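Before any comments, here is the structure.
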Amino acid sequence: MSHRRPYRVYSVGQDPEPRDSLANERTFLAWVRTSLALVAGAVAVSSPALEFSLTARLVLSVGLVLVAAVALGVGWHRWTRTEIAMRTGGAFPGFTGGMVVLGAVGVLMVVALGSALLRR
Numbered sequence: 001m002s003h004r005r006p007y008r009v010y011s012v013g014q015d016p017e018p019r020d021s022l023a024n025e026r027t028f029l030a031w032v033r034t035s036l037a038l039v040a041g042a043v044a045v046s047s048p049a050l051e052f053s054l055t056a057r058l059v060l061s062v063g064l065v066l067v068a069a070v071a072l073g074v075g076w077h078r079w080t081r082t083e084i085a086m087r088t089g090g091a092f093p094g095f096t097g098g099m100v101v102l103g104a105v106g107v108l109m110v111v112a113l114g115s116a117l118l119r120r
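Residue numbers (full-length UniProt numbering): 1 to 120.
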């Protein structure tokens, strides 16, 4: 039995090729970087220096933080599912979570554009 954590990931199957496991970890770190970038965007959008109304700044900031949380959750879920699939020889997960995050960012971009156009 493995002493590595999380147990539910490392206690199943056999250790995969290290190169594959490291690639999976790099992908997870990309999700973490994306989440951090979204939080940085939320901080930037909340700045009073921008020509957005207070309501628009609040909606965009909260929206970006929520999308960042979802992206982090998607990254973790995808990492665990992929690691378990490599260890057991199962099917790899799809990319549905990435599409959800991409769609949410697109909606927030439309809201930002609409708010900017209405201010003029």
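No residue lacks a Cβ here, since even glycine has one placed at the ideal position from N, Cα and C. This one's a predicted model, so the numbers in the text were calculated from it and none came from an experiment.
- Per the Cβ contact rule, the region 106-113 is not in contact with the region 68-77 (fewer than 3 Cβ pairs under 8 Å).
- Residue 25 carries a helical assignment under DSSP once its states are collapsed to helix, strand and coil.
- If you look at residue 83, you'll find it in the alpha helix (DSSP H) that goes 54-88.
- When rounded, the separation of the alpha-carbon atoms in residue 118 and residue 26 is 41 Å.
- DSSP, read as helix, strand or coil, puts residue 48 in coil.
- A buried status is given to residue 57, since no fewer than 16 other beta-carbon atoms sit within 10 Å of its beta-carbon.
- Only buried fits residue 72, as 16 or more other CB atoms lie within 10 angstroms of its CB.
- Nearest C-alpha to residue 90 among 48, 105 and 12: 12.
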